[in-house]
Every structure is written in C-alpha cells, then in structure tokens.
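J.:
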Amino acid sequence: MAAPPGALAALFLEGKSDVFERARPEDYERLRAAATNGVQLIELGIGTEREFLCFNQNTNRNASGRPLVTPHKVQWFRNRLFRQAIACAVNRERMAREVYGGRAEPLHGLVSTENPRWNTPNIPRFDYDPARSRALLAQAGFQDRNADGRLEDADGHAVEFTILTNLENAQRQRCAQILAEDLRALGITMRLEQLEFRALVERINEGLEYECVMMGLAGGGLDPASQLNVLKSSEDLHQWFPRQPSPATDWEARVDELMDAQMRTADFPERKRLFDEVQRILAEEQPMIFTVAPRHFVAVRAGLANLRPSVLTPYRATWNPEELYWRER
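With my numbering, you'll find the sequence shown wraps up at 610, consecutive numbering, no jumps.
Set out below in structure tokens:
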C-alpha cells in the first residue's frame, strides 16, 4: 500500500529520501523553508490534473428497483440551466487564493493552458457571478415560493443535495465549504459527506448511488485519445452517467461522434477542429463543473544533476533515471 502523501513529505524533510515528486500545495511552505538547507524546490506550473464537481445524471435503478438518484433531483441534475447556475456559483478565484495559497489557477474547461496544442479559449464561460446564477435558476423554474429564504422547484421540493469528497483531501473539503457558503446565499443547501478515498471510488463507480461529487481528474496524456474513457458515453469513467448502452442525450451522442471522428484521421487541423467542438459542448453543458488546476512542484536534494522535471508524468523528477547522477554527496 502506498504511503500517505503527508508521510512522504515527512520522509523527505527528515532526510530519508532524496526526491519528493508528488508535493502538494500544503507542503509548499515547509519545502520552501527547507530550500535554504540543501533542498532544491522546482516549480513546474500547472499540470494535467483538474479539480471538478459533477452531478449524478444516472436515470437507472439499483438491484432492488429503487432509482439511483431521487427522481425530482435527477431532473434538476439533468437540467443544463441548473448545472450552469451552479457553475456560476463556483468562486474559483477564491478557491485558488484561499485554499491553494495562490498555487492553483481557475479552470473553466476540459483542457487548460498547460496543453496549448489542444486547448481552445473559444468556449462558453460561467465565471463566478451570483446574479447570473440567480437568473439561470429562475429561468429553470426554481423560486423561493414560501418566503423562507430557500429555493424550491415547481413541485415545492426544497433545493438541497449532498456532495461527496474524499476524507484525505483537505483542499477539496475546504473548496466544498466555500461552495456551500455561496450556494446558501442563493437559497440552496449543500451538505458535505466525506469518505475514505477507496470507499468514495466504490460509491461513485460501482454503487452509483450519490447526488454530487467533488474530485479530481488526474493525469491523462496530451492527446484527445487519452480522454476517450471519460468522454464516450459507453465508458466506465463517463463520470456523470457511465456505461450507457446508447447516449442518453443528443449532446452526448454528438461528443461520441466527434471523438470517434477525431480518432479516424491523422490530420491535425481536422482533429483540432473536432476536439474544439467537444470542448465547447462540454463547457456549454457543464456535466463536469471544473474548479481549479493546481500548480505542481518537486523537491530534490541539491546536487542531483540532469534533472528535466515535467508535469506530464507521475514521475515528475525521475522519469529519466538513466541520465540522473549526483554531482556531490
């Protein structure tokens, strides 16, 4: 079993390891302090990891015949205006500043600036804007119908849901708390439930009975082919509604078509055109509401030579071990 990230930081700071490749934002200050004592701290910029939240749009039932998601709630979650309204309630700048200490960047789409070859800036944006969020919610039929300060849908159901995240990730917990504060101001109640990571993955990937989740999309390659298991409606990691026998919506069918088409050609301009449309659809539909992209850094003992660190691999500092050597020990 892998050691917890906090334990890896302790091992490095105690001099029991020479490289700390998966440094977290909360480790930064301790590592910077150690940088004056034989430690080299290398900042790499943002990587391919993306933080997001998504609502469960699954219309199926469990083995006992009960809907996986309460029927009136799945109607909310499948409403594009509702998802857009929540996206406008996400204060990404505050999350990046307060939770990550400025060591993250607000994120609005599937591919950020870390991948200029495939990123397209020409996507719909749903920046933090409570007034726009209120307008979208009203357009979707949510109102404070009994003057109690809470929104209700057309059938009188109070707008409330539970968001899951993993117990071990303090950043996600704090981001969820910030979102809960902003949603409360809009008349929406969001409760936070924390699970150990393995239990969280089992719940959302196997049990499928949850309302909303805040998690990360880690790694992945630079090419759109690496996103097939997330974007195709039939795939296991199509997080908001996995393993669909046929696309549940027209826009998911279009994404399937586009992803298949870009795999059938080696012509880069054509692939770029097709994948740009995928990014625009996802940004408009907001099945994954992206929050921030953390900045990455590594720490190594001074004297390790031929370092060529990269955010494109989990082995950020040691992906080229045959080239590394010590200048001095």
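All C-beta atoms, glycine included, are put in the ideal place defined by N, C-alpha and C.
1. Using beta carbons (cut-off 9 Å, strictly below), is Met495 in contact with chain B?
2. Quick check on Gln452: does DSSP put it in helix, strand or coil?
3. For Glu332, report the span of its alpha helix (DSSP H) as first-last.
4. Among all the DSSP beta bridges, which residues are the ones paired with Gln424?
5. Inspect the CB distances between the stretch 351-366 and the stretch 537-555 and report whether three or more fall short of 8 Å.
6. Along the chain, which unbroken stretches of the beta strand (DSSP E) at least 3 residues long are found entirely within the stretch 284-323?
7. With a cut-off of 8 Å, do at least 3 Cβ pairs link the stretch 554-573 to the stretch 395-414?
8. Out of Glu302, Gly326, Leu585, Asn360, state which residue places its alpha-carbon closest to the alpha-carbon of Phe336.
9. Measure the beta-carbon distance from Leu418 to Tyr491 and round it to whole angstroms, keeping in mind my assumption that it falls under 8 Å.
10. Contact between the stretch 436-444 and the stretch 372-387: three or more CB pairs below 8 Å?
11. Closest by CA to Leu473, which one among Glu302, Gly390, Leu334?
12. Give, in chain order, every unbroken run of the beta strand (DSSP E) that is at least 3 residues long and sits entirely within the stretch 563-594.
13. Does Arg313 pass the burial test, meaning 16 or more other C-beta atoms within 10 Å, or should it be called exposed?
14. From Ala583, Gln420, Glu395, pick the residue whose C-alpha is nearest to that of Thr317; which is it?
15. Quick one: grab the DSSP three-state call for Pro404.
16. At which residues does the alpha helix (DSSP H) containing Gly544 begin and terminate?
17. Where does Gly326 land, buried or exposed, given buried means 16+ other C-beta within 10 angstroms?
18. To the nearest whole angstrom, what separates the beta carbons of Asn447 and Leu476, a pair I think is in contact under 8 Å?
19. Assuming Arg535 contacts Gln543 (C-beta within less than 8 Å), just tell me the rounded distance between them.
T.: Quick answer:
1. Within the model displayed, chain B is absent; a lone protein chain is all it includes.
2. helix
3. Counting along the chain, Glu332 falls outside any alpha helix (DSSP H), though it belongs to the beta strand (DSSP E) covering 331-336.
4. In DSSP, Gln424 forms a bridge with Glu433.
5. no
6. Scanning the stretch 284-323 from its first residue to its last, no whole beta strand (DSSP E) run of 3-plus residues comes out.
7. They touch, by the three-pair rule.
8. Comparing alpha-carbon positions, the option among Glu302, Gly326, Leu585, Asn360 lying closest to Phe336 turns out to be Asn360.
9. Not really, about 22 Å apart at Cβ, beyond 8 Å.
10. no
11. Leu334
12. 573-582
13. exposed
14. Checked all of Ala583, Gln420, Glu395; the closest Cα to Thr317 is Ala583.
15. Note that residue 404 corresponds to Ile in the displayed sequence, not to Pro. Coil.
16. The sequence given here places Met at residue 544; Gly does not occur at that position. Segment 531-544, the alpha helix (DSSP H) holding Met544.
17. exposed
18. 6 Å
19. Not confirmed; about 13 Å, so no contact.
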